[in-house]
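Numbering (our numbering), first residue to last: 566 to 852.
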């Protein structure tokens, strides 16, 4: 995640909005509202389009709330320097400027090694397996390119991401001179469609979202990535660690949504490839 500066308007909204706090399952049921943090300006997962919150994670959050018999209250938040900061700001402590925390946050890494580092939250409800892939211009690198094509052709990445770090070192650093950095994949996709770069490396879901409308010469396809230790990861939900009842309820609700095909339908609605988590979700949160 990147450091994002709050605008004056955003700062005012944060200071004067009614603060949120994470409730227990009983409190969530009593007030009839499940509050959820999602990343803002993060298509196709969560963004505001024509004044309305839209995206895969928005729809999943609403479906989870409905499963629990309550309404959803979604807060779109800026990414901080890293995921640990995002979790502190939005799940277990709150931002130092105020605003409180929400009951949970989606699009969080469901990973044992990472969860061992962050003991203030519980990671549950894996709902998607994300993977690194490539979008490329076939008129520049052909229909079956390899990484070697980008030793002579420019490739775009979102700055300070796994893709960025990988390409800097790939093929003994031969690609590094051709990397073009962008603040987000939306801008990288615009550059690709304009012919300013020959390819992009990034998460498949994000690339499919920002390139949902693309000319025939742009394809999205996996390439062999030698030296990349891990090219896929499960995404799930983060809940405050001491809120075991809510974590267990969210875990069970998500398992039902995955099993009955609801999550897959949401991905298909946004024209994204759906890859379920490597292991079928079960109730992992214990009291």
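Yeah, the Cβ is synthetic: ideal placement off N, Cα and C, and Gly gets one too. Being a predicted model, the structure only gives us computed values, none of them experimental.
Determine the direct distance from the alpha carbon of residue 638 to that of residue 742, and round the result to whole angstroms.
-> 45 Å
Identify, in the order they occur along the chain, each residue of the same chain with its Cβ nearer than 7 Å to the Cβ of residue 605, setting aside the five sequence neighbours on each side.
-> 611, 612, 641, 642, 643
Look at the alpha carbon of residue 787 and the alpha carbon of residue 598, and state the distance between them as a whole number of angstroms.
-> 40 Å
Scan the segment 793-849 and note each continuous alpha helix (DSSP H) run of 4 residues or more that stays entirely inside, going in chain order.
-> 809-824, 827-834
Grab the span of the alpha helix (DSSP H) containing residue 707 for me, first residue to last.
-> Residue 707 -> no alpha helix (DSSP H), and no H or E assigned at all.
Straight-line Cα distance separating residue 828 from residue 664 = 30 Å
Beta-carbon gap between residue 763 and residue 791 smaller than 8 Å | no
Out of 834, 746, 740, 701, state which residue places its alpha-carbon closest to the alpha-carbon of residue 779.
-> 701
Sequence-distant residues of its chain with Cβ nearer than 7 Å to residue 849 (five each side left out) | Any answer about residue 849 is weak, because its pLDDT of 44 lies below 50 and its placement is not dependable; what the coordinates show is given next. If we look at residue 849 and ignore the five residues flanking it on each side, its Cβ neighbours are 689, 816.
Below 7 Å CB to CB, which residues in the same chain sit around residue 608 once its five sequence neighbours on both sides are set aside?
-> 620, 751, 774, 775
Those residues which DSSP pairs with residue 698 across a bridge = 767
Tell me, which residues are paired with residue 674 by DSSP?
-> 800
Return the CA-CA distance between residue 724 and residue 746, expressed in angstroms with no decimal places.
-> 5 Å
Taking 8 Å as the cut-off, decide whether the C-beta atoms of residue 754 and residue 765 are in contact.
-> yes
Look at the alpha carbon of residue 616 and the alpha carbon of residue 623, and state the distance between them as a whole number of angstroms.
-> 14 Å
In the DSSP assignment, what residue or residues form a beta bridge with residue 664?
-> DSSP output for residue 664 lists no bridge partner at all.
Extent of the continuous alpha helix (DSSP H) to which residue 789 belongs | Residue 789 -> no alpha helix (DSSP H), and no H or E assigned at all.
Over the uninterrupted alpha helix (DSSP H) stretch that includes residue 722, give me the two end residues.
-> No alpha helix (DSSP H) contains residue 722, which is instead part of the beta strand (DSSP E) from 720-723.
From residue 749 to residue 794, what does the alpha carbon distance come to, in whole angstroms?
-> 23 Å
Candidates 797, 789, 826, of which the one nearest residue 768 by Cα | 797
Going by C-alpha distance, which of 603, 731, 596 is nearest residue 804?
-> 603
Using three-state DSSP, classify residue 653 as helix, strand or coil.
-> helix
With 16 other Cβ atoms within 10 Å as the buried cut-off, status of residue 738 = exposed
What do you get for residue 595, buried or exposed, if any count of 16 or more other CB atoms within 10 angstroms of its CB means buried?
-> exposed
Under a Cβ-count criterion, where at least 16 other Cβ atoms within 10 Å of its own Cβ denotes burial, should residue 588 be classed as buried or exposed?
-> buried
Alpha carbon to alpha carbon, what distance is there between residue 670 and residue 783?
-> 33 Å
Alpha carbon to alpha carbon, how far is residue 709 from residue 726? Give it in angstroms, no decimals.
-> 25 Å
Complete runs of the beta strand (DSSP E) confined to the segment 719-757 [at least 3 residues] = 720-723, 744-747
Alpha-carbon spacing of residue 573 relative to residue 662, whole angstroms | With a pLDDT of 30 at residue 573, under the threshold of 50, the predicted position of this residue should be treated as unreliable, though the coordinate-derived value follows. Roughly 13 Å between the two C-alpha positions.
Taking residue 506 as part of the beta strand (DSSP E), name the residues at either end of that continuous run.
-> Look at the range of the chain in this structure, 566 to 852, and you will see that residue 506 is not part of it.
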